[in-house]
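Chains as they are written, first to last, in the working numbering: chain A, 2 to 360; chain B, 1330 to 2127.
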C-alpha cells in the first residue's frame, strides 16, 4: 500500500501545473488528514515489530513527498518568473532621468580651479594664502610699494580711482592695481619670516583684445634671513613644473619694478608650433611674470628691517596661466558667463586639485 | 624709445648685427618691442643693366628692354620715361614680391609681348614716394643684391629701426648714447668718445635770463645763448631720415636739431625766435590763469605753481614741457635763442598732469635728465646749428647752477652672492660699474650724474647682476621653514568658500566670475549705486559702480544667456560685494539663481518650472556643507528685491541672517529684462558661526534599541498658518519622546473652503528604556493635537 501512495503522489506532484494544485496535493498527502498522515496514525495499532519496519518507511515517504513538493514549487516559480520576464522589456535607449532638477552638470570656473591648483602647490612649499581689500588707499597700493606720488609708474598703471565727495580732501582710494598691497598688510601683521601668496581680483582701466578691466593675480612673497633670487628661480620652476605637469625651465631677464631690486621678468620655456603654445618644450620663451628681490623701502613700509631680512616677490596672472594650461583663447570670455563656455572650460565639482594626484 | 642701427653706431663701435643687439638689449632690461629691418623686404631685388630699349610695337609709351640680370639677359616691358639703354637698374624677377604695389611679379604678356620681370621705382619698393621713373644707379654689378648695394652706398635707406620699452628707472636709456653705454658695458662693442664742443662766443648774449628765488628749487639751472644770422630751412637728408625713421616729422633745421638731441642724448632743448622775445627771459612760478598758445597750436592755462618762462610781454613757454607758438622759430628766423635747462622732476610731472600735456620733453624731464649735461648740451646744439644753419654765436648766459647730488654707496662684492645668488669676481664687478660710468674710490662707488635711479647698495647689485646676465642664474632649492609634512594653510573662510563652491557645482549650478563693477541702475535695484561706491573714472557707464550684491551680475548673465537661446539656467558666483568705497567695506557673498525649467522637455515628464523650494533645498544643502547650525529659523522680512510673500531668511534669531532664498521681485526682474520667473539664494558665509568644538572627535552615537513608532495627524488650519508653527508645536508636545516631525502633505481649498488648508504631519516617537504602551502613545497623540490646535487655531481633521 505504501508503494501505491508513493507512486500516486510523486507522479501527481510531478504533473501539478499550478501552485494551488500543489497545495491540494500537499494537504491530500501530508496534511492533517492526508493519506500519509492517516497511515502514520495507524502505526499505534501495529505490533512493535511491524511498527519498527513501517515507522521509518512512512517517515521517509513523508520526507520524500515534502522535498518533491518544495522542488516542484521552486520549478513552478522559476517558470512563472521566466514567463513574466518574457513580457518585461524597456527601451533602454531612452534618455536617463535627470538629477534633482534634471539640468546638466554644474561646473567650477577655471579661475577658481587654478586658484586651488596654485594654493595646493604653494602650500607644499610653505606659503599661506593672504587676502585683502580690493578698494585700497593710495598708500597701500602705491607709496608703500615705493611708488611715490609723482612716479611715472602711477600714470602707466591705468588706475581706477574711487569717487571722492566734495570736501573730502584725502587722496582718492583706488581699486587695487595689483595684489601687492596684501604683501604690505601681511608684513605689518605677521612680520618676518614670512611666506605668503596673495591671489585675488585686480583692476586696470584697460579693455581690448587681450585686456579686461578686471583680472586675477597671484602674488608671492618670501622673507627670510638669506632668501635669494636663485631661490626665487627654484620656487618658480618648481611651481611651473607642478602646475603644467611637465618640466618647465624659466629664463630671467633684467627689468625694473619700483618694489623690487634687482628685478626680473620671467619667461617660461615653450614652443609655438602650429599656432598653439606648448609649455615645457621647444626653444621659445613666453613672458609670464614679473619678480625680484623686495626693495628695502618696501620692507621698511611693512615694518621689517632690511638689514636683518631679505626676500623675493613675484606676481602673475591667474587667468593668463589658466589660458596657457587649458588652451583657452580669449580672456574676455572668462567674465562673459556664457553657459556654453562655462560648461566647456569649467571643471567638475569632484575634480579637486591635489598634489598626490597632480593638479 | 626708437632708434636706428646707424644712430646707435654713432656711439658704439661694434661688429654685432641687429639680431644680436636686440637680444642683448632685452636681456639687459631694455626690452625690445619691435625691430623693423627695411633690408628684409628688399632681399629679392637685384641689379640689372639695360642693354637695349626699343619701342613696343603696339604701344607708344612702352619700351621692350633687354636687361642683363643674374639669370642672364631677360626681356622686360617697361613704361617708365627714363627706361633706356645703358643704365643700371633694380630688377624684380618673376616670383619677387613688390611691396609698393602689393604684387608678386609673374611672367606675362603686355600688349602681346612677353615680359620677364619689372624694373622698380623707389615707391614700388617703399623707399620713398618717388615714382617719376625707375631707379638709375650710378654704380653696381649685375646680379648684386640691391640691399647690399644700399648698405655700401646709401646705408640710411635701409637702416634697421629698433623700438625698446623703457622702464621708469632708466632715464639714461632715453638717449641713444645711454643705450650704447649699456651695450658696451656688456661687451658688445666699445663706447666711442663723447663728442664735445667748445663755443667761443663773439659777443655778449643780448637776452638775459633770471630765475625767481621761489622758483629756484624747481628750476635750478638755465643755460642759453643767442645765435644770430642763421638760415633756417629743411635740415639735411641724414637728419631728416633719422627723425622719420623713429616716427618724427622733420620741421626745420632748428627744430630738428633740438629733436635730435632729445633722442641722441636725452637732452631736450628749446629754441626761441630771438626777434620775437621782448626783453629778458624770467623763469618763475605761474600765479595761475596765465594763458599761452603752445607749439601744438592749442591754448593752455597755467595752474598756480607751474613753471613758466616769460619775457617782458608775458609767458612764452611752459617750462620743460612745451614752448609757446608766438616766440617759436620759423623759416624766416634769423636770430635764435637756444635754451638748455634742467627742471625738477616732480614739478614737471605735476604740471604736465594738471595741464594734460604729453610731450617728449615732459616725458624725459619727469623721469630725470642728466643735470651735468645742461651746458655741454647747449654747446653741442650750438655747434650743430652753426654747422647746419651758419650764423654767429654769442657768449652763453647761465642762471643758477647744475643741481648735482653727489651720491656714493659701498660696493659689497659679497652682496651679489647673498642677494641674487650669483658668483661674480670682485674685479669683474668693479669693472662693470666703471664701464657704466661709476667712479670707484676704494669700496665706494660714485654714481654718475645720469643715473638718478641708483639710490642704494641694492642698486649696485642690480647693475652688476644685470650686466652679468640673469640668464646665468642657477636655481637654488629653498628649504621648507621646518622639515616634515607641510602644515595646512587655508583659513576657515577660504575652506568654506571652496566647500560652498564645489557643493553648488555638484548641485548642478555653473560657476560664473563676473565684473565687480556694474551699472548704476542695476546697483541701485540692490541698495547700491550711491556715490560712495562710484568709480571716478569708469571704463564705461555699464561699469560705473561697485556691486552691492552678486544678484544683479547673475541676472545680467542670465539675460545674456537667454538671448543666446538658453532659458534654463542654474548659475552661481562666490565673490566680493561692496557696501561702500572705503578699504574693508567688502564682504564675501555667495549667490545662485535658477531660471526657466528644471530641464528641457523629457520623456519621463519630470521637467517642470523651477520654484523657490528648489532654491531652498539647494541653499540648505550648501549651508549643511558649510557646517551651519542645523537649527535655524526661516523668517520673512528680507530686502526689497525679494518677492514680498515668497522668500525666506535663514536666521539665527531675528537679527542674524545667514542666507536668503526665494523668488525675486517681479519689478526687479522686469527692470533686469528677465521675462521668466527666477528664484535665487544668497549666502553670507562669514555670518555662519564657527562651531565651538574645533576638535576632530564626533559626539558619541546614541542608538536606541527599541523600535520607533510613527503616527500621522492632519490639521485643518487657516491658509496663512505656516507649517513651521505646526511642526514646532508638535515637537513641543513631548520633547523627550518625539524624535522628529515631518510635514508630508498639504491640501489647500477644495471642500475645506478658500481660506483653509489641511497640513498632514508624521510624528516619530522614539522610546528609550522600555516599549511604549498603547496608553502612552495615546497620551502623546492627545498632547500633540492639543499643542497644535492651540498654536495654529486649527482643528484635527476628522
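Where a beta carbon is used, it is the ideal one built from N, C-alpha and C, also for glycine. Treat the numbers as computed from the prediction; the structure is a model and nothing was measured.
For residue 1918 of chain B, the nearest beta carbon of chain A is not closer than 9 angstroms to its own beta carbon. A contact is defined here as three or more CB-CB pairs under 8 angstroms, and the region 1941-1951 of chain B meets this definition with respect to the region 2001-2011 of chain B. Contacts with chain A (Cβ-Cβ distance below 9 angstroms) from the region 1749-1779 of chain B involve 1749, 1750, 1751, listed in chain order.
In the DSSP assignment, residue 1647 of chain B falls within the beta strand (DSSP E) that extends over 1644-1647. For residue 353 of chain A, the nearest beta carbon of chain B is closer than 9 angstroms to its own beta carbon.
With respect to chain A, the C-beta atom of residue 1472 of chain B has no partner C-beta closer than 9 angstroms.
In the three-state reduction of the DSSP assignment, residue 1523 of chain B falls in the coil class, being assigned neither a helical nor a strand state.
With contact defined as three or more Cβ pairs closer than 8 angstroms, the region 1587-1607 of chain B and the region 1631-1647 of chain B are in contact. Distance from the CA atom of residue 194 of chain A to the CA atom of residue 313 of chain A, rounded to whole angstroms, is 12 angstroms. Taking the C-beta atoms as reference points, residue 1807 of chain B is found no nearer than 9 angstroms to residue 1765 of chain B. Per DSSP, reduced to three states, the secondary structure at residue 1743 of chain B is coil, with no helix or strand assignment. Here residue 1778 of chain B is not near residue 202 of chain A, since their CB atoms are 9 angstroms or more apart. When the alpha-carbon of residue 1526 of chain B is set against those of B:1545, B:1705, B:2088, the nearest one is in B:1705. Here residue 210 of chain A carries a coil assignment [DSSP, helix/strand/coil]. Comparing C-alpha distances from residue 1463 of chain B to each of B:1423, B:1394, B:1528 shows the shortest one belongs to B:1394. Among the bridge pairs identified by DSSP, residue 200 of chain A is matched with A:219.
Within the model, the alpha-carbon separation for residue 1689 of chain B versus residue 1717 of chain B is close to 23 angstroms. By a beta-carbon distance limit of 8 angstroms, residue 1847 of chain B does not contact residue 1887 of chain B. Their separation comes to about 14 angstroms. Nearest Cα to residue 214 of chain A within the set B:1979, B:1940, B:1872, B:1963: B:1872. Within 9 angstroms of the CB of residue 2115 of chain B, no CB atom of chain A is found; the nearest one sits about 38 angstroms away. Contact between residue 196 of chain A and residue 301 of chain A is absent: CB atoms are separated by about 20 angstroms, not below the 8 angstroms threshold. The Cβ atoms of residue 112 of chain A and residue 177 of chain A lie no closer than 9 angstroms to each other. Residue pairing for residue 286 of chain A: DSSP places it in a beta bridge opposite A:270. Think of a sphere of 9 angstroms around the beta carbon of residue 347 of chain A: the chain B residues whose beta carbon falls inside it are 1834, 1839, 1840, in chain order. Straight-line measurement puts the Cα of residue 1621 of chain B at about 22 angstroms from the Cα of residue 1660 of chain B. Around residue 228 of chain A, the beta-carbon contacts reaching into chain B at under 9 angstroms are 1807. In the same chain as residue 31 of chain A, and ignoring 5 residues on each side of it, the C-beta atoms closer than 7 angstroms to its own belong to 37, 38, 63, 66, 67, in chain order. Unbroken alpha helix (DSSP H) stretches of 4 residues or longer found wholly inside the region 1795-1871 of chain B: 1821-1835, 1849-1854, given in chain order.
Under a 10 Å Cβ-count criterion, residue 1866 of chain B is classified as exposed, with fewer than 16 other Cβ atoms of the shown protein chains found around its own Cβ. In the three-state scheme derived from DSSP, where H, G and I count as helix and E and B as strand, residue 1390 of chain B is classed as strand. A Cβ-Cβ contact shorter than 9 angstroms links residue 249 of chain A with residue 280 of chain A. Comparing alpha-carbon positions, the option among B:1889, B:1384, B:1399 lying closest to residue 1392 of chain B turns out to be B:1384. For the region 327-339 of chain A, the residues whose beta carbon sits under 9 angstroms from a beta carbon of chain B are, in order, 335, 336, 337, 338, 339. For residue 249 of chain A, the three-state secondary structure derived from DSSP is coil. The beta-carbon separation of residue 1699 of chain B and residue 1595 of chain B, rounded to 7 angstroms, stays under the 8 angstroms limit for a contact. In the same chain as residue 1583 of chain B, and ignoring 5 residues on each side of it, the C-beta atoms closer than 8 angstroms to its own belong to 1559, 1561, 1600, 1658, 1662, 1665, 1714, 1718, in chain order.
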